[in-house]
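Structure record follows, encoded as structure tokens.
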Amino acid sequence: MNCRIRERYFNKLGILPNGPPPAHTVKKRRSPTELPGTVCGASSSSNRQRHQADQPPPPPPSPIVVERRDDEQPTPRQPRSPPQVQFHTCVSVIEIPSHRDYDRASRRNIWNSPQVLEQNVQRNTYEYWAEGLDWRNATEEKDMIRTRKGRLVHPATWKLIHENIANQHKNRRRAMLHRQA
């Protein structure tokens, strides 16, 4: 019974989507250890320790290993009880720095400016319009155009860019011919 509850729980979380048959036992590779930034106990406000900015963050929690035991026999059916979730009393706290903690160059590399966001909105709107305003007609990655730098560009955007470049060349030629005349 517990195996089925565990199986449904993992499937709800998306841990075992269309994967191998669900396991009957779940084991951790190593036992939890108290690290800087670890909070333990039910009422942990007095135990709370946060890692300082000069200390490296604690390592990520150990992964869960799902193993199948072939020798385990299914248990006879018992009346259903509502599934319950239990949480470990010792958890790791990892602080996420604020955007204000980064220097200007890092912020530019991580976050987009409002101008870039607006350009993305305009480009996405144009591409959606080019696909007939239907998400089912969305262009897949395999149908995108790959630039020399490896970026994928929507065919409608590619066409628009090249039309704009061609128009700029025409306008320059006209201006040069007009100046020469």
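Once you know that position 131 of the sequence shown is 131 in UniProt numbering, the rest is easy, because the numbers rise by one and skip nothing. Even glycine gets a Cβ: it sits at the ideal position worked out from N, Cα and C. Bear in mind the structure is a predicted one, so any value in this text is a computation, not a measurement.
Leaving out five residues on either side along the sequence, give the residues of the same chain with a beta carbon under 8 angstroms from the beta carbon of L160. Excluding residues within five positions, the ones whose Cβ falls inside 8 angstroms are Y126.
Status (buried if at least 16 other CB within 10 Å, exposed otherwise) for H154: Burial check for H154: the Cβ neighbour count within 10 Å reaches 16 or more, so the residue is buried.
Between A42 and E95, what straight-line distance do the alpha-carbon atoms span, to the nearest angstrom? In this predicted model, A42 has a pLDDT of only 48, less than 50, meaning its place in the structure is not dependable; the value taken from the coordinates is given anyway. When rounded, the distance between both Cα atoms is 20 angstroms.
In this structure, does DSSP put V85 in helix, strand or coil? The answer is coil: DSSP assigns V85 none of H, G, I, E or B.
Residue from N109, P82, S106 and Q119 with nearest C-alpha to T157: Taking only the C-alpha atoms, the option nearest T157 is Q119.
L177 to K142 span [Cα, whole Å]: Going by the C-alpha atoms only, they are around 43 angstroms apart.
Residues that DSSP places opposite I145 in a beta bridge: Partner(s): V153.
Terminal residues of the continuous beta strand (DSSP E) containing R91? It is worth fixing the name first, because residue 91 is Val in this sequence and not Arg. Going by DSSP, V91 is part of the beta strand (DSSP E) stretching over C90 to S92.
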